[in-house]
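Quick note, the sequence shown lines up with residues 27 to 658 if you use the numbering used here.
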Amino acid sequence: MPSKPVPVNTVRLTTAQALVRFLAAQYSERDGSEQRLIPGVWGIFGHGNVAGLGQALLQATRTGEADLPYYLARNEQAMVHAAAAYAKMKNRLQTFACTASTGPGSTNMITGAALATTNRLPVLLLPSDMFASRAPDPVLQQLEDTRAGDVSVNDAFRPVSKYFDRVSRPEQLIPAALAAMRVLTDPVEAGAVTLCLPQDVQAEAFDWPVEFFRRRVWRIGRTEPEPAAVQRVAALLRSAERPLIVAGGGVVYSEAEAELRAFAEATGIPVADTHAGKGAVPWDHPQAVGGVGSTGTTAANALAAEADVVLGIGTRYSDFTTASHTVFGDPDVTFANLNVARLDAAKHAAEMLLADAKTGLAALAKALEGWSVPDEYRAETVRLADEWRAEADACFDLGHGPLPAQTEILGALNEALDDADVVINAAGSMPGDLQMLWRARDPKAYNVEYAFSCMGYEIAAGVGTKLAAPEREVIVLVGDGSYLMLASEIATMVSEGLKVIIVIVQNHGFASIGALSESLGSQRFGTKYRYRDEDSGLLDGDVLPVDLAANAASFGAEVILADTVAGFREAIIKAKANSRTTVVHVETDLYGPNPPGSAWWDVPVSEVSALDSTEAARAAYTAHKRGQRHYL
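Have a look at this one:
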């Protein structure tokens, strides 16, 4: 006789209601500390999700059946940036879900998804999709791909997601949701997770197993290094005469700052950092030499040029870190990489140490006990760092006029902030200046997104950062270019009562790309905000009458204007004393001056040209290319 089915306790809910209840019951745990994995949902409602997830979130709030707060964003891309910034502050142990309507509402999240995945930050995306039943096909905002009937615009999420699924039937949510949580809590696979939700399926009911909604704790362990790999890397370091550490974001996410500092002190190996790793070692630590690579300090780049062994810890080695494969100049340089991800550990033909940064550093420290670089190398590290700090001091005190230099504004801001205050930036000329000049002591006090370098990240990230760390002062640094792309979340800050300081650095153009354009022989073409000149036909007329301060005030922020460095210092003091979102507006010189560069970045120049400026730039480019190579 056939066996009888085992009775299962069920509850009848829509797919959206089930998802809300499931997400509210998910937790992460590391080192014995538990926290909500998904503490809330960002969303903008439209016809694709208003009757699905919108209804489910409302019901959860009104009935108390699930604790999943809803946050209203003003732009779908921005809410993903907010979620990514939140995850960054929480060391990837927590993140937000983001829901958007079908069509453009969902595709607006794709840039945010790419940013999250590139930066190895977990976010959960819930884009609405077309009808699974296809009953009213075609519907408003449907792509109608002529090659396949099951393709929608949401398929564009596939290449920018670490996990992608489409829930075409209610019961498919069970394996899809569990898989999503697995990826969100995997340090190796950190990035965007996308669950596409057809609008009819969101509202469809199903008898769900109650067990699906039980409290789940996703354990995030610390990968222990293989003893033999530890010995190989230790032997490599012992053989080195001029080793160098490159500290990346993995050090911070692992909370391995104390281990790195102790390791550097014991061994004497100098520590350079990437944007994501800045603050892991305080800027004034004896072994700290600052940023490395295309926008690195002269100290770090001088050491990199002669390093014979490079120990990368938790870094993905972007082309800025390696100065497009030119900054590590020793022809026999060897790499060893400590990383949880094999993808990053294997880069530059490295000796791999697959492990969590905290456990890996502890094992390496034990294996190298009693060993240190020569005293002369320690002294050289200190000398180079001191020389660079003197150069940085000069950048902070230029007396430039009539408009101040951007470096002077950064110097005044750095001086005015406390060690725990968080500075946020992403794109333009400021990331380069910040990597060289910013003096961070706290690993969470520096949030410069430079894996995707996404204009528009800054203000939205200020929202996510303040939600993650309400006890900290959060300062958003944004140029006029990024501000004009995505300023809408000032309204979100105001509506949520979040105290964030936004510093708008207005220079009426793209300072970074303008300078790059000039260096490449393209004469700053198309990089300034100007009227079109009637004679030349180019955008090089008078400055446009754009009033960003008035725009910020229209969102409900308090605005303080500053026109000198001294005035800016006073404005920051006032902003810190305020209890609500405050914008400080300051104009700077579009043309610099910039901090002294000591490395290169590979941006190809036209091989043939009718312009003398481009031909000269091509000659310089060819000379730089001679120093570029694979690290094998």
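Here a beta-carbon is modelled for each residue, glycine too, at the ideal position from N, C-alpha and C. No experiment lies behind these values; they were computed from the predicted model shown.
Hey, how far is the Cα of Thr614 from the Cα of Phe122?
Distance between the alpha carbons of Thr614 and Phe122 is about 36 Å.
What residue range is occupied by the uninterrupted beta strand (DSSP E) comprising Met378?
377-380
Cα-Cα separation, Leu429 to Pro296
37 Å
For His301, count neighbouring Cβ atoms within 10 angstroms of its own Cβ and tell me buried if that reaches 16, exposed if not.
buried
Can you tell me which of Gly66, Gln167, Ala495 puts its alpha carbon nearest to the alpha carbon of Ala149?
For the record, residue 149 in the displayed sequence is Val; it is not Ala. That would be Gly66, whose Cα lies nearest to the Cα of Val149.
So Trp234 is in the beta strand (DSSP E); what residue range does that whole segment cover?
231-235
Apart from the five residues just before and just after Phe551, which ones in its own chain have a Cβ nearer than 8 Å to its Cβ?
Ser543, Leu564
Kindly list the residues whose CB is nearer than 7 Å to the CB of Val165, restricted to its own chain and excluding five residues on each side of it in sequence; keep chain order.
Answer for Val165: Met156, Phe157, listed in chain order.
Please state whether the Cβ-Cβ distance between Met456 and Gly425 is less than 8 Å.
no
With three or more beta-carbon pairs closer than 8 Å as the criterion, would you say the segment 622-634 touches the segment 519-533?
no
Terminal residues of the beta strand (DSSP E) in which Val504 lies
500-505
In chain order, which continuous runs of the alpha helix (DSSP H) of length 4 or greater are located wholly inside the segment 479-530?
For the segment 479-530, whole alpha helix (DSSP H) runs of length 4 or above, ordered along the chain, are 483-494, 506-511, 515-522.
With a floor of 3 residues, list each beta strand (DSSP E) that falls wholly inside the segment 64-105, ordered by position along the chain.
67-69, 96-98
C-alpha distance - Pro622 paired with Ser178, whole-angstrom precision
49 Å
Would you kindly work out how many angstroms separate the C-alpha atoms of Lys602 and Val335, rounded to a whole number?
C-alpha separation (whole angstroms): 44 Å.
State buried or exposed for Ala216, treating a residue as buried only when at least 16 other CB atoms are found within 10 Å of its CB.
Result: buried.
Distance CB(Leu329)-CB(Thr407) smaller than 8 Å:
In this structure, Leu329 places its C-beta atom within 8 Å of the C-beta atom of Thr407.
Taking the C-alpha atoms as reference points, what is the distance between Pro185 and Val219?
Going from the Cα of Pro185 to the Cα of Val219 covers about 11 Å.
Going by beta carbon distance, what residues of the same chain come within less than 7 Å of Leu199, once the five residues before and after it are set aside?
Thr41, Ala44, Leu45, Val193
With DSSP as the reference, identify every bridge partner of Tyr189, one or two as the case may be.
Val219
Which residues mark the beginning and the end of the alpha helix (DSSP H) in which Ala645 is found?
638-651
Measuring straight from C-alpha to C-alpha, what distance separates Thr341 and Asp181?
30 Å
Under DSSP, the beta strand (DSSP E) around Phe361 begins and ends at which residues?
In this chain, the beta strand (DSSP E) harbouring Phe361 covers 360-365.
Among Arg248, Tyr279, Phe232, the one whose alpha carbon lies nearest that of Lys114
Tyr279
Run through DSSP, which three-state label would Thr36 get?
strand
Would Ala110 pass as a contact of Leu147 if the rule is Cβ separation under 8 Å?
yes
Do you know offhand how far Gly305's Cα is from Asn35's?
51 Å
For the beta strand (DSSP E) that Pro316 lies in, which residues bound it at each end?
The sequence shown places Gly at residue 316, rather than the Pro named in the question. 314-317 is the extent of the beta strand (DSSP E) around Gly316.
Exposed or buried, Gln654, counting other C-beta atoms within 10 Å across all chains shown (16 or more means buried)?
exposed
Pick from Thr133, Leu152, Ala174: whose alpha carbon is nearest that of Gln167?
Thr133
Met462 vs Thr321 beta-carbon contact at 8 Å
yes
Going along the chain, which residues of its own chain have a beta-carbon closer than 6 Å to the beta-carbon of Ala371, five neighbours each way excluded?
Asn363, Asn365, Met378, Leu380
Please confirm whether Ile70 and Ala126 have their CB atoms less than 8 Å apart.
yes
Measure the alpha-carbon distance for Ala405 versus Val307 and round it to whole angstroms.
18 Å
Over what stretch of residues does the alpha helix (DSSP H) that includes Tyr403 continue unbroken?
401-422
Run through DSSP, which three-state label would Gly175 get?
Coil.
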